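Enquirer: Have a look at the structure that comes next, please.
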Amino acid sequence: DGGITQSPKYLFRKEGQNVTLSCEQNLNHDAMYWYRQDPGQGLRLIYYSQIVNDFQKGDIAEGYSVSREKKESFPLTVTSAQKNPTAFYLCATLAGNEQFFGPGTRLTVL
Amino acid sequence: DAKTTQPTSMDCAEGRAANLPCNHSTISGNEYVYWYRQIHSQGPQYIIHGLKNNETNEMASLIITEDRKSSTLILPHATLRDTAVYYCIVRVLENYGQNFVFGPGTRLSVLP
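Line by line, the protein sequences are chains A and B.
Just add 1074 to the spot in the first sequence (first one is 1) and you have the working numbering.
Just add 93 to the spot in the second sequence (first one is 1) and you have the working numbering.
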């Protein structure tokens, strides 16, 4: 079954803790993206990676970090420096004309 | 910033055609028009894209004006499952460094 997996679907953390969101894909796509979505808003780009061992900041990278050690995996760490981390996080890949999205992780920081 | 403008919300009766407009008056010659939709708390789903000719697939039709400054997504027979937020995006084809910019979109409610 091909696709993008994000786990867990819901995640709760205490303020001040770092948390890592998982994104795995078996589509063999080179490019991967992380977006953040707040209620009633569109998607904002956090980081993207065009190839293994390379990644670029998006529009709202402050307080986030990523790694791309494997083609299949693009984990996102939400650090304590992110002032308002509660949001819906979407991972995506890109192939040709189409962007493919995972199911998302809803992070709530208490 | 999104390069498109869409109405905030629309209603459509079940079984009728849903026509979702999008303005993209600053579109460049090499930019395509894409449509995605997002059902509540899920990832966005690709619907259709086009450059200047009208396009149709199993999900929808895309009508682009001759001057390319606006387009309309048509869902020919809307069902309750088509209730979602619909995003209109302009983007250069196969530019991996340019992400898809998702604005707030149009919230379509299909009513029974």
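The C-beta atom is built at its ideal place from N, Cα and C for all residues, glycine as well.
Because the structure is a prediction, the values reported are computed rather than measured.
Curious, which full-length beta strand (DSSP E) runs of at least 3 residues does the stretch 1109 to 1161 of chain A contain?
Expert: Runs found: 1117 to 1125, 1128 to 1131, 1138 to 1140, 1150 to 1152.
Enquirer: Classify B/Asp-175 as helix, strand or coil using the three-state DSSP reduction.
Expert: Reduced to three states, the DSSP call for B/Asp-175 is helix.
Enquirer: Report yes if the CB atom of A/Gln-1080 is closer than 9 Å to the CB atom of A/Glu-1146, and no otherwise.
Expert: Result no, Cβ atoms of A/Gln-1080 and A/Glu-1146 do not sit closer than 9 Å.
Enquirer: Between which two residues does the beta strand (DSSP E) holding B/Asn-112 run?
Expert: Taken as a continuous stretch (DSSP letters only), the beta strand (DSSP E) holding B/Asn-112 covers 111 to 116.
Enquirer: How about B/Cys-115 and B/Gln-138: do their beta carbons lie closer than 9 Å?
Expert: Against a cut-off of 9 Å, the Cβ pair of B/Gln-138 and B/Cys-115 comes out as no contact.
Enquirer: Mind checking whether B/Ser-164 and B/Gly-196 have CB atoms under 9 Å apart?
Expert: Not in contact: B/Ser-164 and B/Gly-196 (Cβ atoms no closer than 9 Å).
Enquirer: Rounded to a whole number of angstroms, what is the C-alpha to C-alpha distance between A/Val-1126 and A/Ala-1166?
Expert: A/Val-1126 and A/Ala-1166: Cα-Cα distance of roughly 15 Å.
Enquirer: Give a yes or no on whether 9 Å exceeds the smallest Cβ distance from B/Tyr-127 to chain A.
Expert: With 9 Å as the cut-off, B/Tyr-127 counts as an interface residue toward chain A.
Enquirer: Enumerate in chain order the residues of its own chain whose CB-to-CB distance from B/Leu-173 is below 7 Å, with the five nearest sequence positions on each side excluded.
Expert: Answer for B/Leu-173: Glu-107, Val-203, Pro-205, listed in chain order.
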